[in-house]
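Protein chains in written order, with my numbering: chain W, 1 to 371; chain R, 372 to 742.
Positions of the beta carbon are idealized from the N, C-alpha and C atoms, including for glycine.
2 protein chains.
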Amino acid sequence: MTASDSPASPSEQPTPAAVLQSTPHPYYNQAVHGPYQLANIGDFVTESGATLRSTQLAYVTHGTLNPGRTNAVLMTTWYSGTSKIMEQIFVGPGRALDPEKYFIVIVNQLASGLGTSPHNTPLPWDGPNFPQLSIADDVRAQHTLLTEHLGITQLALVVGGSMGAQQTYEWAVRYPDMVKRAAPIAGFARNTDHDRFYGESLMQAVKSDPGYAGGRYKDLCEVEDGMRRHVGIWAYMGLCPEFYRRQLWKPLGFASATDFVNGFVAALFLQMDPGDLMCKASKWQRGDVSLQTGGDLGAALGRVKARVFVMPISTDQFFPVEDCRLEQQLIAGSELRVIESNWGHFGLFAVEPEYNEQIDRHLNELLALEV
Amino acid sequence: MTASDSPASPSEQPTPAAVLQSTPHPYYNQAVHGPYQLANIGDFVTESGATLRSTQLAYVTHGTLNPGRTNAVLMTTWYSGTSKIMEQIFVGPGRALDPEKYFIVIVNQLASGLGTSPHNTPLPWDGPNFPQLSIADDVRAQHTLLTEHLGITQLALVVGGSMGAQQTYEWAVRYPDMVKRAAPIAGFARNTDHDRFYGESLMQAVKSDPGYAGGRYKDLCEVEDGMRRHVGIWAYMGLCPEFYRRQLWKPLGFASATDFVNGFVAALFLQMDPGDLMCKASKWQRGDVSLQTGGDLGAALGRVKARVFVMPISTDQFFPVEDCRLEQQLIAGSELRVIESNWGHFGLFAVEPEYNEQIDRHLNELLALEV
Numbered sequence: 001m002t003a004s005d006s007p008a009s010p011s012e013q014p015t016p017a018a019v020l021q022s023t024p025h026p027y028y029n030q031a032v033h034g035p036y037q038l039a040n041i042g043d044f045v046t047e048s049g050a051t052l053r054s055t056q057l058a059y060v061t062h063g064t065l066n067p068g069r070t071n072a073v074l075m076t077t078w079y080s081g082t083s084k085i086m087e088q089i090f091v092g093p094g095r096a097l098d099p100e101k102y103f104i105v106i107v108n109q110l111a112s113g114l115g116t117s118p119h120n121t122p123l124p125w126d127g128p129n130f131p132q133l134s135i136a137d138d139v140r141a142q143h144t145l146l147t148e149h150l151g152i153t154q155l156a157l158v159v160g161g162s163m164g165a166q167q168t169y170e171w172a173v174r175y176p177d178m179v180k181r182a183a184p185i186a187g188f189a190r191n192t193d194h195d196r197f198y199g200e201s202l203m204q205a206v207k208s209d210p211g212y213a214g215g216r217y218k219d220l221c222e223v224e225d226g227m228r229r230h231v232g233i234w235a236y237m238g239l240c241p242e243f244y245r246r247q248l249w250k251p252l253g254f255a256s257a258t259d260f261v262n263g264f265v266a267a268l269f270l271q272m273d274p275g276d277l278m279c280k281a282s283k284w285q286r287g288d289v290s291l292q293t294g295g296d297l298g299a300a301l302g303r304v305k306a307r308v309f310v311m312p313i314s315t316d317q318f319f320p321v322e323d324c325r326l327e328q329q330l331i332a333g334s335e336l337r338v339i340e341s342n343w344g345h346f347g348l349f350a351v352e353p354e355y356n357e358q359i360d361r362h363l364n365e366l367l368a369l370e371v
Numbered sequence: 372m373t374a375s376d377s378p379a380s381p382s383e384q385p386t387p388a389a390v391l392q393s394t395p396h397p398y399y400n401q402a403v404h405g406p407y408q409l410a411n412i413g414d415f416v417t418e419s420g421a422t423l424r425s426t427q428l429a430y431v432t433h434g435t436l437n438p439g440r441t442n443a444v445l446m447t448t449w450y451s452g453t454s455k456i457m458e459q460i461f462v463g464p465g466r467a468l469d470p471e472k473y474f475i476v477i478v479n480q481l482a483s484g485l486g487t488s489p490h491n492t493p494l495p496w497d498g499p500n501f502p503q504l505s506i507a508d509d510v511r512a513q514h515t516l517l518t519e520h521l522g523i524t525q526l527a528l529v530v531g532g533s534m535g536a537q538q539t540y541e542w543a544v545r546y547p548d549m550v551k552r553a554a555p556i557a558g559f560a561r562n563t564d565h566d567r568f569y570g571e572s573l574m575q576a577v578k579s580d581p582g583y584a585g586g587r588y589k590d591l592c593e594v595e596d597g598m599r600r601h602v603g604i605w606a607y608m609g610l611c612p613e614f615y616r617r618q619l620w621k622p623l624g625f626a627s628a629t630d631f632v633n634g635f636v637a638a639l640f641l642q643m644d645p646g647d648l649m650c651k652a653s654k655w656q657r658g659d660v661s662l663q664t665g666g667d668l669g670a671a672l673g674r675v676k677a678r679v680f681v682m683p684i685s686t687d688q689f690f691p692v693e694d695c696r697l698e699q700q701l702i703a704g705s706e707l708r709v710i711e712s713n714w715g716h717f718g719l720f721a722v723e724p725e726y727n728e729q730i731d732r733h734l735n736e737l738l739a740l741e742v
């Protein structure tokens, strides 16, 4: 080998994270998901024992905090969702989450791509070296944001779907005096074995791609095979038999089920950073409020003081109604409100005309309850 | 590179199939699955246009064909199942499939590992070069075996689960005058998009393993990562939320759900040949009796003259009751008989004490019907 064809020495090679940070991300940016704000909550120590310096939370607010500070609503985000998606689906005049009435704060979870995430974190926690996070980490970080940056002392409602439901449960158990009402939609307080195996399978689909290289990929294209396998699993677990039986892709203008999977599911996920997704999937898998009570789920949910509506989706393949009901029954004064949908877990995307009406009806009832 | 460290020239290297054929297979053999017989049905032309020379079908018989030849029962096999498994689950004195009353023929499907399969087929159709097969190929091959080798002219019953149900439907549509009764258990006449995506995901899990090498692996260990991902998907789709919720792995002596997946699901699949499984998965994906009628499922199922009991499993994640019901409603005089189980699709393994009683009750009723 001659000097002329030698690769750059290690010190000259940019780290993967540096490559990713060197240009604006084509998906995680203000143009696609903004406007959002960034709050620096300082040095954040994760449950896994890492110190993330100058941790940034990306968030948006709608409406105004009233003088009594009684109208704050926290909305959390799901695996594929950002504050922009939540805003589009849940927030608006005349909706249950009406900015005329509530001060609505939507906080993007850590590793969401907006705010501190594997893909945009510098050494020594860059990309593949990013620490393992937990749902509790998200909730602790959000608590800092709400109490120290936004002056919020109580929450009229915490609401979120899927991983957002995990955060909602965690909030109600961890800060019971602060959370007055909670609406976990399509998610668990403690993950099941069934769902854990599903999450593991999603992670293996990506991580097994040689291009993933333990998170050291330099371009999304290098992980496309793995990401397409990840999409392929969502195709049957994120949707459901009912969706395909009724050909509900047709009203969206797709020519076939395969066309839908490529044009909707792949189009959604292939824009995202694989390492960010893997960090989130790991959180999702291990979500468990009973870690606060030595594994006793009843004791954990017994701490909840909020009025809770547990809102599973009728056709959800991995957060099925029955598992949600068993958790709901452990929460005093709670109610089970099943959301009817033929879209499976992806009912969350609110494509069905009947979806938002159901969500708003239940949230309006919950918000009307005296606490 | 010197001559001394050069690899063997191509002509000196054994083909993968030759390696696999050079020693008895540790799983696909008479000791594990026997005794079974092999019938040579001659040169078999697949629907994909390949001629498989001296095609071997592995089968077993129980009981005796009566003089009127009216008591023959055909049992087909599923993805992971061989004739031995079917025998253990379905056949016995006092059972619906009683060898004292019926001449029961269990035929292992092509690519099952027993009989002609990718792993044991010589050049030019060895291993990765094995032709694409279809459910119709299986049924045509079985028809040759039954009519030309075993002297069977009519079938009192065709019964099978999962891929065996696909073959059962294909039999009833393709040879309506020969099939008097049919019991497809936990399977479709025409595969759904939902199930097709599931099958695709299973295949991708294995084929994406660099060790699979397009089917040119020389040892099962080389594909273990992919096979474990394949197992990981079965863990949540083959079983179901109910199974894990009720911790039904406990009565089997496992310490945890993960222990069960490794000790039961992985233990089952990791013995099998990946290429054989991929060939079967491809058949499963494309199973569709309406290919006989230009895509018209009603027309295909309208050809059926058999009395049919459609027997879905209540918790099946990929052959759900509702999809089975829609097919059943297209078959004149048929009935829907739902098998109650908390094991999902793996209810087929008949681990639950209530399972065989249900199967036998329905099959006894079906066999008692005049035709």
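For residue i, does the count of other Cβ atoms within 10 angstroms reach 16, so buried, or fall short, so exposed?
{"i": "R:R424", "result": "exposed"}
{"i": "R:A536", "result": "buried"}
{"i": "R:T417", "result": "buried"}
{"i": "R:S451", "result": "buried"}
{"i": "R:N400", "result": "exposed"}
{"i": "W:E327", "result": "buried"}
{"i": "R:A402", "result": "exposed"}
{"i": "R:T487", "result": "buried"}
{"i": "R:C592", "result": "exposed"}
{"i": "R:P555", "result": "buried"}
{"i": "R:G439", "result": "exposed"}
Report back the beta-carbon spacing between residue i and residue j to the nearest angstrom; my notes put them in contact at under 8 Å.
{"i": "W:W234", "j": "W:V265", "result": "5 Å"}
{"i": "R:V681", "j": "R:A671", "result": "Going by Cβ atoms, the distance from R:V681 to R:A671 rounds to 15 Å, so no, they are not a contact pair."}
{"i": "W:F318", "j": "W:D195", "result": "5 Å"}
{"i": "W:T77", "j": "W:G160", "result": "7 Å"}
{"i": "W:G127", "j": "W:G275", "result": "5 Å"}
{"i": "W:Q204", "j": "R:R600", "result": "5 Å"}
Suppose the cutoff is 7 Å on Cβ atoms and the five residues either side in sequence are ignored; what does the same chain contact list for residue i look like?
{"i": "R:C650", "result": "A482, P489, F501 and L504"}
{"i": "R:Y430", "result": "Y407, Q408, A410, S454, V476, I477, V478, N479 and L516"}
{"i": "W:P7", "result": "Residue confidence for W:P7 is low, a pLDDT of 40 falling below 50, so the modelled location carries little weight and cannot support an answer."}
{"i": "R:R617", "result": "N713"}
{"i": "R:M457", "result": "M446, T448 and I477"}
{"i": "R:G570", "result": "A652, W655 and Q656"}
Run through chain R and tell me which residues come within less than 7 Å of residue i, C-beta to C-beta.
{"i": "W:F349", "result": "Neighbours of W:F349 on chain R: none; closest Cβ ~18 Å, over 7 Å."}
{"i": "W:P210", "result": "P581"}
{"i": "W:I233", "result": "S572"}
In its own chain, which residues sit with a C-beta less than 6 Å from the C-beta of residue i, not counting the 5 before and 5 after it?
{"i": "R:D509", "result": "Q480, L481 and Q538"}
{"i": "R:G658", "result": "I506, Q537 and N562"}
{"i": "W:G263", "result": "F254"}
{"i": "R:Y588", "result": "G582 and V594"}
{"i": "W:A350", "result": "I89 and N356"}
{"i": "W:D209", "result": "V223, D225 and G226"}
{"i": "R:V529", "result": "L445, T539, W542, V550 and A553"}
Output, in chain order, the set of chain W residues within a Cβ distance shorter than 8 Å of residue i.
{"i": "R:T563", "result": "P241, Y244 and R245"}
{"i": "R:R600", "result": "S201, Q204, A205 and S208"}
{"i": "R:Y399", "result": "Result: empty, since nearest Cβ-Cβ is about 27 Å, beyond 8 Å."}
So with CB distances below 8 Å, who are the chain R contacts of residue i?
{"i": "W:E410", "result": "Lying outside 1 to 371, the shown extent of chain W, residue 410 of chain W is not represented and no answer is given."}
{"i": "W:V261", "result": "F568"}
{"i": "W:Y79", "result": "In chain order: nothing, as chain R lies at least about 16 Å away."}
{"i": "W:Y175", "result": "Simply none; closest approach about 29 Å."}
Residues of chain R with CB under 9 Å from residue i, in chain order?
{"i": "W:S223", "result": "It is Val, not Ser, that sits at residue 223 of chain W in the sequence shown. Simply none; closest approach about 12 Å."}
{"i": "W:Y169", "result": "The contacting residues do not exist; W:Y169 stays about 18 Å from chain R at best."}
{"i": "W:Y217", "result": "Ordered by position in chain R, no residue passes the 9 Å Cβ test against W:Y217, which lies about 16 Å from the chain."}
Excluding the five sequence neighbours on either side, which residues of its own chain have a C-beta within less than 8 Å of the C-beta of residue i, listed in chain order?
{"i": "R:L740", "result": "R552 and R678"}
{"i": "R:H396", "result": "G484, H490, N491 and D644"}
{"i": "W:F260", "result": "W249, L252 and F254"}
{"i": "R:K472", "result": "G434 and N442"}
Find the residues of chain W that neighbour residue i, judging by a C-beta separation of less than 7 Å, and give them in chain order.
{"i": "R:A628", "result": "D193"}
{"i": "R:Y726", "result": "Here the premise fails: no neighbours, minimum Cβ distance about 20 Å."}
{"i": "R:Y407", "result": "Result: empty, since nearest Cβ-Cβ is about 34 Å, beyond 7 Å."}
Which ranges does the beta strand (DSSP E) cover as unbroken runs of at least 3 residues, wholly within the stretch 631–691 of chain R, from first to last along the chain?
678–681
Threshold first: 3 residues or longer. Then list the beta strand (DSSP E) segments lying entirely within the stretch 546–621 of chain R, N to C.
552–556
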